[in-house]
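Asks: Pasting a structure here, questions to come.
Numbering (the working numbering), first residue to last: 31 to 113.
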């Protein structure tokens with residue numbers, strides 16, 4: 031049984047729609063992959079920032095310790111001179 035011209039045109043239209051949908055799906059997959067790459071880069075950046083913040087906090091803590099120690103030494107030497 032040979033398909034009619036109308037059936038052939040309908041089949042061609044369906045195949046074109048499927049091809050278009052396939053292209054759209056590929057575009058969506060490409061976009062999702064790009065987003066995944068950017069999320070990975072952002073996560074790496076955030077991990078680096080956390081490490082920098084930890085180092086900064088260690089240096090700030092050390093600086094505060096040194097300054098407080100110096101102030102305490104100055105006050106104790108000032109008090110010992112008064113006595």
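Quick reminder that beta carbons are idealized off the backbone N, C-alpha and C, glycines included.
In this text, all values refer to a predicted model and were calculated from it rather than measured experimentally.
1. Give the secondary structure of residue 34 by DSSP, where H, G and I count as helix, E and B as strand, and everything else as coil.
2. How many angstroms separate the CA atom of residue 54 from the CA atom of residue 48?
3. Report the three-state DSSP secondary structure of residue 113 (helix, strand or coil).
Replies: Based on what the coordinates show:
1. coil
2. 10 angstroms
3. coil
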